[in-house]
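Report on the structure given below.
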Amino acid sequence: MGEQVLVRDTDQFFRRLKPRVQVALCQLPVTVILAALAIAAPAVWPTLIQSSVFIAAIVMMVATFLGCFLVPWERLPPNAYLVIPILDLVIIGLARNGAVPAVAGLGVLAIFPVIWLSSSDTFPRTTIFLSFFGPLLIGIPTLLQKFPNISPSDIATAILLPLMMVAVSVAIRFASANVRLQRQRLEQKDAELRELLGESRNRERLLKTILDTTDVGIVAVDADGQKVLVNDQQKAFRQAAAPPGVEQPREAEQLMFGQDRVTPLPLDKRPIRRAIAGETFADYLVWLGEGASQRAVATAARIIKNDDGGFSGAVIVFSDVTGLVEALSAKEELISNVSHEFRSPLMSLVGNVDLVLDEAEALSPESVHRLEVVQRNAERLLSLVSELLVSASAVLAVHPRRTDLAGLIENSIGSVQAQADASNVSLATDVPAPLWAHADPLRISQALDNLVSNAIKYSPDGGKVTVSARRRDSWVQLKVQDTGMGISEEETSRIFTRFFRSQAARQAAIPGVGLGLSITKTIVERHGGDISCDSKPGVGTTFTLTLPAEGSAES
């Protein structure tokens, strides 16, 4: 490849020269050698200046060299310059025969015009013919001087130089053809590269236009974490996160907050840094900016892997969800207000019914039965309102501390034992005691009660509910497994959505409003943990909770 580039560069340099300079450069070697011979002749070969033939050769050489500069080659046919190497053969023939016997071997100079003729792109047969007969005619006068005493050795010597020149001519022809082929290939490759470059630029412009048209911010980083692509929307997000007076904020300077809108996000918790660290995530909510202009942005990241499976970059997407978040907040506020308005009269109703039932001996059995129905439904409504208030809370407060999960599980099992006995469902536990976790005992008890109560509720007569827990490194894994009706895979993906109830639960008329699991998920996530559901219709359901173990709160 280096030789091809050298050939191309040399060819391009030569082609940039004017035609007169090109011809003069090709004529220069013969001119320099004969000029040096003429200058040295008076001192070294005095007989040369007495030879009219040699003097004629020098005069022709000077005239030819001057002609290289004086003739307007650019106005003549393209191959008109080939008359110069033909004249060179005549000049070399005169110089060689004029210098014999004082200077021998000047016939070898025929190689220069032969090279010139052979490197031309036209008349291949003519140039080969001239390459043989030109040098042959140079030696004929010497051969004729020996006539009739010409020996086979003299004939061989006279023919040897022409044969050598023909061989040189053929070799140069092949070399020139190879150079032309290489040049054509290079030109073809250059054209292909230019075409590919043009297509690449067009695709780049198209991609940039598409990315700048979308209302989603997009950032792409390479393996070193350097940004290689940022669209216009992302630039707008970056400007929205800029502190006052800063036009182009660095990432560390950007005002980026957590879900509570006031806690600054550490640098390693920011979306781009998480993606550079190799994390894949979705629906990671952050807040940009401060005050009334603060924007809620949902972020997601996907990793780009190389052929070896290693990290080679990432794409991070930023979506403005401020309107959606505000709508959800308004909805939650409405639910909270309505629920709060219902709660006070319901509590009053339940309290008064309890007082009346405390004096049930003064009432008829039918009145007691009706009051018990009122009490049961009022308590159910009060429970529903309480759940709505919890689910509508913007921040469900948790206060983690050193907590024995084994004790919480035991208490939870004890509180639902009567419910299990009434449903003919057996309860089992597999929990080492003690099992310490960093958790809020009140909230985790609430989550356990929700899960175990649901497991009993959805298990058939004779079913079984098992609660197990184990420590896994810096986490505690807790499972609640039942042998109930189970749900489909599609419904499993929506199980933690508020107010969602499976089709089987609705068909079986199992009471509930679909808030318990949503609240449970919120509680677990507030602890920095995770909850998942694995279920098969007709087999049962397993809920798996992951909570920080004792001593992992700082990690």
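Using this note's numbering, read the sequence shown as starting at 216 and increasing by one per residue.
All C-beta atoms, glycine included, are put in the ideal place defined by N, C-alpha and C.
Worksheet entry | Enclosing beta strand (DSSP E) for Trp260 [first to last residue] | Taking the first residue of the sequence shown as 1, we reach residue 260 at position 45. Going by DSSP, Trp260 is part of no beta strand (DSSP E) at all; its letter is neither H nor E.
Item to complete: Check whether the Cβ of Gln632 lies closer than 7 Å to any heavy atom of the ligand HEM, and answer yes or no.
Response: As presented, the structure is devoid of all ligands, the ligand HEM included, so that no description of it is given.
Discussion item. Please give the ranges of any beta strand (DSSP E) in the region 490-514, keeping only runs that are unbroken, at least 3 residues long and fully inside the region.
Written reply: With a minimum length of 3 residues, the continuous beta strand (DSSP E) runs that stay inside the region 490-514 are 496-503.
Worksheet item: Are the region 394-409 and the region 337-349 touching by the rule of at least three beta carbon pairs closer than 8 Å?
Response: When C-beta atoms of the region 394-409 are compared with those of the region 337-349, fewer than three pairs fall below 8 Å, so the two segments do not count as touching.
Worksheet item: What residue from Ala612, Asn669 and Leu564 has the CA that sits closest to Asn592's CA?
Response: Sequence index remark: in the sequence shown, residue 592 carries index 377 (1-based). In this structure, Leu564 is the residue among Ala612, Asn669 and Leu564 with its C-alpha nearest to the C-alpha of Asn592.
Worksheet item: So the alpha helix (DSSP H) Ile307 belongs to, where does it begin and stop?
Response: The sequence position of residue 307 within the sequence shown is 92, counting from 1. Segment Val298 to Ala314, the alpha helix (DSSP H) holding Ile307.
Worksheet item: So, Ala272 versus Ile306, is the Cβ gap smaller than 8 Å?
Response: Along the sequence shown, read from residue 1 onward, the residue named residue 272 stands at position 57. Along the sequence shown, read from residue 1 onward, the residue named residue 306 stands at position 91. Contact flag set, yes.
Item to complete: Put Phe347 into one of helix, strand or coil per three-state DSSP.
Response: Taking the sequence shown and counting its residues from 1, one reaches residue 347 at position 132. Three-state DSSP puts Phe347 in a helix.
Practice prompt. Check whether the Cβ atoms of Leu650 and Phe758 sit closer than 8 Å, and answer yes or no.
Written response: The residue you call residue 650 lines up with position 435 of the sequence shown. The residue you call residue 758 lines up with position 543 of the sequence shown. Cβ atoms of Leu650 and Phe758: not closer than 8 Å.
Worksheet item: Beta-carbon separation of Arg686 and Ala764 under 8 Å?
Response: Residue numbering aside, residue 686 sits at position 471 when the sequence shown is read from its first letter. Residue numbering aside, residue 764 sits at position 549 when the sequence shown is read from its first letter. Yes; because the gap between Cβ atoms is below 8 Å, this pair is in contact.
Practice prompt. Please list, in chain order, all residues of the same chain as Ile248 whose beta carbon is under 7 Å from its beta carbon, the five residues on each side excluded.
Written response: As a first step, residue 248 is located in the sequence shown; it is residue number 33 there, counting from the start. Within the same chain, Cβ atoms closer than 7 Å to the Cβ of Ile248 are found at Leu324, the five residues on either side in sequence being excluded.
Practice prompt. Leaving out five residues on either side along the sequence, give the residues of the same chain with a beta carbon under 6 Å from the beta carbon of Ala457.
Written response: In the sequence shown, the residue the question calls residue 457 occupies position 242. A distance below 6 Å between beta-carbons, with the five flanking residues on each side excluded, links Ala457 to the following residues of its chain, in chain order: Pro464.
Worksheet entry | Residue nearest to Ala684 in terms of C-alpha spacing, selected from Ala435, Tyr673 and Thr644 | Taking the first residue of the sequence shown as 1, we reach residue 684 at position 469. The shortest C-alpha separation from Ala684 is found at Thr644.
Discussion item. To test your reading of the DSSP string, which unbroken beta strand (DSSP E) runs of 3 or more residues are found completely within the region 606-656?
Written reply: The beta strand (DSSP E) runs lying completely inside the region 606-656 and spanning 3 residues or more are 616-619, 641-645 and 651-654, given in chain order.
Practice prompt. Tell me whether Arg517 sits in a helix, a strand or coil according to DSSP, three-state version.
Written response: For this step, residue 517 is matched to residue 302 along the sequence shown. Collapsing the DSSP output to three states places Arg517 in a strand.
Worksheet entry | Residues that Gly755 bridges to, as DSSP identifies them | As a position in the sequence shown, residue 755 is number 540, starting the count at 1. DSSP lists Lys751 as the bridge partner or partners of Gly755.
Practice prompt. State whether the region 371-378 contacts the region 311-320, with contact taken as three or more CB pairs (one from each stretch) at a distance under 8 Å.
Written response: When C-beta atoms of the region 371-378 are compared with those of the region 311-320, fewer than three pairs fall below 8 Å, so the two segments do not count as touching.
Practice prompt. Would you kindly report the start and end of the unbroken beta strand (DSSP E) that includes Ser267?
Written response: The residue given as residue 267 occupies position 52 in the sequence shown. Bounds of any beta strand (DSSP E) do not take in Ser267; it lies within the alpha helix (DSSP H) bounded by Ser267 to Leu285.
Practice prompt. Identify, in the order they occur along the chain, each residue of the same chain with its Cβ nearer than 7 Å to the Cβ of Arg235, setting aside the five sequence neighbours on each side.
Written response: Translated into positions along the sequence shown, residue 235 becomes position 20. Result list for Arg235: Cys283, Phe284 and Trp288, in chain order.
Worksheet item: Considering Phe327, what are the terminal residues of the alpha helix (DSSP H) in which it resides?
Response: Residue mapping note: residue 327 aligns to position 112 of the sequence shown, counting from 1. Run containing Phe327: Ile326 to Ser333, per the alpha helix (DSSP H) assignment.
Worksheet item: Cα separation between Ala542 and Val682?
Response: Numbered from 1 along the sequence shown, position 327 holds the residue referred to as residue 542. Numbered from 1 along the sequence shown, position 467 holds the residue referred to as residue 682. Cα to Cα, the separation comes out at about 38 Å.
Worksheet entry | Contact the region 518-536 vs the region 465-482: 3+ CB pairs below 8 Å | Under the 8 Å Cβ criterion, the region 518-536 does not count as touching the region 465-482, having fewer than three qualifying pairs.
Discussion item. DSSP three-state label for Arg709, please.
Written reply: What you label residue 709 is simply residue 494 of the sequence shown in a count that begins at 1. Here Arg709 carries a coil assignment [DSSP, helix/strand/coil].
Worksheet entry | Helix, strand or coil at Leu480 [DSSP, three-state] | Within the sequence shown, the letter at position 265 stands for residue 480. If DSSP states are grouped into helix, strand and coil, Leu480 belongs with coil.
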